[in-house]
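Residue numbers (the working numbering): 12 to 89.
Ideal placement from N, C-alpha and C gives every residue a C-beta, glycine not left out.
Because the structure is a prediction, the values reported are computed rather than measured.
Data block below; observations after.
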Amino acid sequence: MDLQLQGRVIQILEEQSGQGKNGTWRKRDFILEIPGKYPRKVCITQWGENIDTQAVQQNAEVTVSIDIQSREYKGNWY
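This is the structure in structure tokens:
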């Protein structure tokens, strides 16, 4: 299920990378401010080659497609 959000990039966090059971991974988070009477801030995570192919710029107005998911770990959902 993909949802779309529109807003302004207010902060770009440092890229992170590491090794997992499926090989090397990379991710970068950025903060999107959604306009409205009470503006909301949402942390968006880019994974893998999307970091390079869909680069975001500070203060850019963007539309992002997001996939929301949760997972269970030891009886708790995150």
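As computed with DSSP, K38 is found in a beta bridge with Q27 and W58.
Distances from the CA of G47 to each of I23, T64, D63 and G18 were compared; the closest alpha carbon is that of G18. Judged by their CB atoms, L16 and I45 are nearer to each other than the 8 angstroms cut-off. Beta-bridge pairing by DSSP links I45 to R51. Here the alpha carbon of E83 sits roughly 22 angstroms from the alpha carbon of L14. One thing to note: I55 has its Cβ no nearer than 8 angstroms to the Cβ of I23.
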